[in-house]
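Protein chains in written order, with this note's numbering: chain B, 46 to 292; chain C, 46 to 292.
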DNA sequence: TTCGAGACTCTGATATATCAGTTGTCATGG
DNA sequence: CCATGACAACTGATATATCAGAGTCTCGAA
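Set out below in structure tokens:
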């Protein structure tokens, strides 16, 4: 037992280390400077920590208490979150949080697929071989790390980060801030979806995902945009099925 | 002279009438209910009425005076406009409005092209023949209406609305609110670009644009997605060139 | 079932605090 | 004596907190 828990810890650590390089991708800014940004970040965190549940309606006062931010910055953040589609402000009757449904899943994956299908062609053609190799090594290392292990919460987060990092790198290759912002937005929808549907990671699932990544990367390494695009389409179709809980 | 101004007026009227059916597409809501929405709308209007100039930096107080809205709702609106990329809020040093440059043009048209290329395939395959016919008739009517005329300001607006209506209908066919919102956002960038680059409509230009629309629609009527996509790509390439002022 | 009162909630306004940018002055070096 | 640099106070703008107002939902009673 000791042995097993030890290896599990090692695997988790390995995942942490692997995902470390992706950390900078997440923080586009040096850090939140206004309370509005803090409120926004706290809201997202609270959402993904399940401290506020999707689909619920709650008041601004509730959020002030939960997030521990003043009212005005919270209002600013709520307005932004509304334009992003994560909630709806019903005047004088509360904040309605978005509840992921099948329509939302479809919309999110459709948008992601459209953007990334365009990006993968560029990526396959112009991405530096070094970057492709790096991502490949990382995916392979993940497979080794999770092989036959239970995935801890921290490990799941690390896998999340690696998965997102891969996709974001692909999209980043278009060098288009508009698209990156949109993609990031779609990604937070995606996180919300997986969260709500009690989506749990398992080692075989992670392995399957990483193998799909490797398929895509292999095509990119061969500079074969068509195959890369096809592999990406397969990846998205399967990811959507997984998100829908038909994995 | 009388005769000419008379026909010009007629042409303008014709454009107004033609664009009328597209009006409902613009207002997604029944109307602004909160002052924040008013502030947002006023800002956009002021931008496109050139009452505030792109690239300038101004203070919240200035905007309160110009837009004639209270401070708090304005702040809400500014926060949204910042996430949309139309401005940057510099803490305690003013609001920097986005200035369209070549990078922005490229980014906007790239995003629009990616989204619409995906949409046109659906459109070609599933759009109702009646709708395609309607759009075709409209484009043809525009050509007749502007033929050899000077384009008035009202006429230009009408053409704008028709052009946007066509593209929006195509995108709407995906029935994906996320994509529609993103597209709408990109469109307001597009408007900003055309505005800044002193982009003026001329009759031959409108005619060329409408002919490109007709090419696309013809392919859609034949249910030929590949040709439609190709025609759309040509349209976007030319539209970008036009926006860059190389028309 | 319907109507009314009350409480609760969001919205908009105002005052205060904090912070970035600027300008002026003083000291030091040439 | 003049020029240049740094430092400090000031100005103006934004951020935050608090408060009043208006609308809506709910609960209870007729």
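All C-beta atoms, glycine included, are put in the ideal place defined by N, C-alpha and C.
Sheet register partners of residue i (DSSP bridge)
{"i": "residue 139/C", "result": "135/C"}
{"i": "residue 254/B", "result": "Note: residue 254/B sits in no beta bridge, so no partner."}
{"i": "residue 103/C", "result": "140/C"}
Where residue i meets chain C, residues with beta-carbon distance less than 9 Å
{"i": "residue 155/B", "result": "163, 219, 221, 223 and 224"}
Proximal residues of chain C, C-beta to C-beta of residue i below 7 Å
{"i": "residue 160/B", "result": "159"}
{"i": "residue 125/B", "result": "124, 125 and 128"}
{"i": "residue 227/B", "result": "227"}
Pair within 8 Å by beta-carbon distance, residue i and residue j
{"i": "residue 216/B", "j": "residue 202/B", "result": "no"}
{"i": "residue 145/C", "j": "residue 208/C", "result": "no"}
{"i": "residue 5/B", "j": "residue 223/C", "result": "Since the first residue of chain B shown is 46 and the last is 292, residue 5/B is not available in this structure."}
{"i": "residue 87/C", "j": "residue 121/B", "result": "no"}
{"i": "residue 212/C", "j": "residue 278/C", "result": "no"}
{"i": "residue 288/B", "j": "residue 245/B", "result": "no"}
{"i": "residue 237/C", "j": "residue 99/C", "result": "yes"}
{"i": "residue 293/B", "j": "residue 285/B", "result": "Beyond the ends of chain B as shown, which are 46 and 292, falls residue 293/B; an answer cannot be given."}
{"i": "residue 97/B", "j": "residue 142/B", "result": "yes"}
{"i": "residue 102/B", "j": "residue 139/B", "result": "yes"}
{"i": "residue 293/C", "j": "residue 79/B", "result": "Residue 293/C lies beyond the range of chain C shown here (46 to 292); nothing can be said about it."}
{"i": "residue 164/B", "j": "residue 264/B", "result": "no"}
{"i": "residue 172/C", "j": "residue 258/C", "result": "no"}
{"i": "residue 128/C", "j": "residue 254/B", "result": "no"}
{"i": "residue 228/B", "j": "residue 166/B", "result": "no"}
{"i": "residue 204/B", "j": "residue 189/B", "result": "no"}
{"i": "residue 191/B", "j": "residue 252/B", "result": "yes"}
{"i": "residue 270/B", "j": "residue 174/B", "result": "no"}
{"i": "residue 112/C", "j": "residue 91/C", "result": "yes"}
{"i": "residue 276/B", "j": "residue 193/B", "result": "no"}
Alpha helix (DSSP H) segment containing residue i, residue limits
{"i": "residue 194/C", "result": "Neither: residue 194/C is in no alpha helix (DSSP H) and is coded neither H nor E."}
{"i": "residue 235/C", "result": "222–241"}
{"i": "residue 161/C", "result": "147–171"}
{"i": "residue 114/C", "result": "Here residue 114/C belongs to no alpha helix (DSSP H), and DSSP marks it neither H nor E."}
{"i": "residue 283/C", "result": "270–288"}
{"i": "residue 89/C", "result": "80–93"}
Chain-ordered neighbours of residue i on chain C, where CB pairs are closer than 8 Å
{"i": "residue 152/B", "result": "221, 222, 223 and 224"}
Cross-chain neighbours of residue i in chain B, by beta carbon under 7 Å
{"i": "residue 79/C", "result": "136"}
Where residue i meets chain B, residues with beta-carbon distance less than 8 Å
{"i": "residue 231/C", "result": "223"}
Self-check item: Positions along the stretch 236–259 of chain B whose CB lies within less than 7 Å of some CB in chain C
Solution: Residues passing the 7 Å Cβ filter: none.
Practice problem: Output, in sequence order along the chain, the residues in the stretch 100–121 of chain C whose CB is closer than 9 Å to any CB in chain B. | Solution: 117, 120 and 121
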